[in-house]
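Structure first, then comments.
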Amino acid sequence: MDVADYVQNITFRLLQPSTPRPSGFRALNNVARKAGIHLEMWMTRLPEDQEDMQRRLTRACKIPRMSTFAIGAIINRAVALMPDNRAYLNVGVWNGFTFLAGMASNPHKLCIGVDNFSHNNSPRTSFLKRFNRARSPKHVFREGDFREYFAAQHKETLGLYLFDGPHTYDDQLDGLTLAEPFFGRGCLVLVDDTNWPQVRQANLDFIARSPFEYRMLLDVQTPRTGHPTYWNGLMLFERGKRKAGAGALHAECNGRTAA
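Going by our numbering, the first residue of the sequence shown is number 1, and it counts up by one from there.
Structure, rendered in structure tokens:
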């Protein structure tokens with residue numbers, strides 16, 4: 001099953017993405033975690049390989065996070081199916097959940113994380129311990145600003161790109177525009193926090209202005225942040241062919257044009 005079919009066939013018990021989270025749910029979830037019960041995993045019904053995905057992500061799901069098991073499953077599935085000559089790039093790793101979710105049981109897939117840990121109470125030390133414990137030689141972390149990273153370091157063709165950096169409109173738009181020259185045909189682009197209007201609008205403006213076609217695979221909003229299905233909203237779109245009549249790629253990086 002490819003990623004498009006996979007994401008469109010994820011369902012949930014008890015709460016749907018559009019259902020408000022009941023009062024006290026977060027406290028119940030925390031108690032369940034301490035008892036070794038993964039409530040999110042039980043609620044999330046994957047279209048196939050449920051037990052295998054739970055095994056893959058059990059450790060990652062113990063990390064402090066602003067994400068969900070369903071999102072981690074989408075990431076892990078996309079990385080597992082990614083061609084070996086493509087890379088997964090996660091801009092904004094925080095404690096590491098979305099990055100380590102891609103790395104889990106994928107030691108031969110190139111996974112790159114980028115973060116400058118500029119936010120208050122940075123989890124840099126804790127993240128690096130987790131990363132170094134879980135990494136393979138194909139897993140890389142680069143510390144720094146995402147704009148500087150794209151300007152000076154990134155070279156790999158991407159099969160999956162997750163932007164979870166600063167979420168102003170301009171940051172969101174730059175995060176997509178600077179990465180686009182490295183998107184291979186069929187590259188999957190994942191953006192969270194799409195409940196926020198500026199994030200959602202930046203995504204839509206990027207797609208409208210791009211010289212490439214994009215297919216929206218998932219576009220879901222939740223009643224509020226912290227939802228156990230898709231947290232604070234999620235978009236997943238796929239890069240296609242160049243639009244008819246489109247000119248040269250407007251954001252080429254050192255003359256490089258994506259395949």
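Think of the CB as a built atom: it goes at the ideal place given N, C-alpha and C, for glycine as much as any other residue.
Own chain residues within Cβ distance below 6 Å of residue i, not counting five before or after
i      : result
Gly255 : At Gly255 the pLDDT is 46, less than 50, meaning the model places this residue with poor confidence; the figure from the coordinates comes in the next sentence. If we look at Gly255 and ignore the five residues flanking it on each side, it has no Cβ neighbours.
Cys253 : In this prediction, Cys253 has a pLDDT of 41, which is less than 50 and means its spatial position is unreliable; nothing more can be read from the coordinates.
Met216 : Phe237
Ala251 : No answer about Ala251 holds up, because its pLDDT of 43 lies below 50 and its placement is not dependable.
Ser210 : none
Ala246 : Pro211
Ser18  : none
Asp219 : Met235
Whole-Å CB distance - residue i paired with residue j, under 8 Å assumed
i      : j      : result
Ala87  : Gly159 : 6 Å
Thr229 : Phe12  : 5 Å
Arg242 : Phe212 : 6 Å
Gly113 : Phe141 : 5 Å
Close-in-space but distant-in-sequence residues of the same chain around residue i (CB under 8 Å, 5 per side omitted)
i      : result
Ile63  : Asn95, Gly96, Phe97, Leu100 and Arg130
Gln16  : Thr229
Glu156 : Arg86, Ala87, Leu89, Leu110, Ile112 and Phe182
Pro20  : Pro223 and Arg224
Leu14  : Met43
Given residue i as reference, the closest of the options once Cα atoms are compared
i      : options                          : result
Phe24  : Arg239, Val3, His227 and Leu128  : Looking at the sequence provided, one finds Gly at residue 24 rather than Phe. The shortest Cα separation from Gly24 among Arg239, Val3, His227 and Leu128 belongs to His227.
Thr58  : Gly36, Met66 and Pro47           : Gly36
Asp52  : Ala80, Leu217, Leu39 and Arg33   : Ala80
Pro137 : Asn203, Val93, Pro107 and Phe117 : Pro107
Asp174 : Ser126, Lys155 and Leu204        : Leu204
Arg133 : Pro22, Ala104, Asp170 and Ala27  : Ala104
Ala244 : Tyr214, Met235 and Gln221        : Tyr214
Pro83  : Asp219, Asp2 and Phe127          : Asp2
Met66  : Arg26, Val31 and Gln50           : Arg26
Per DSSP, cross-strand counterpart(s) of residue i
i      : result
Gly113 : Asn90 and Phe141
Phe206 : None, per the DSSP bridge assignment.
Phe69  : Answer by DSSP bridge pairing: none, since Phe69 is not bridged.
Asp192 : Leu234
Thr264 : For the chain, the structure presents residues 1 to 259; residue 264 sits outside this window and is missing.
His108 : Partner(s): none; His108 has no beta bridge.
Tyr183 : This sequence places Phe at residue 183; Tyr is not what is there. DSSP lists Leu158 as partners of Phe183.
Proximity of residue i and residue j at Cβ, strictly below 7 Å
i      : j      : result
Ala60  : Thr44  : no
Phe150 : Leu176 : no
Arg239 : Phe183 : yes
Asn76  : Arg55  : no
Gly144 : Val91  : no
Glu40  : Thr68  : yes
Leu46  : Ala73  : yes
Gln172 : Ala202 : yes
Gln221 : Asn195 : yes
Tyr161 : Val189 : yes
Spatial neighbours of residue i in its chain, beta-carbon cut-off 7 Å, leaving aside the 5 residues before and after
i      : result
Asp268 : Beyond the ends of the chain as shown, which are 1 and 259, falls residue 268; an answer cannot be given.
Ser126 : Asn95
His139 : Met103 and Cys111
Test: residue i CB closer than 7 Å to a CB of chain B
i      : result
Arg135 : No chain B appears in the structure shown, which is made up of a single protein chain.
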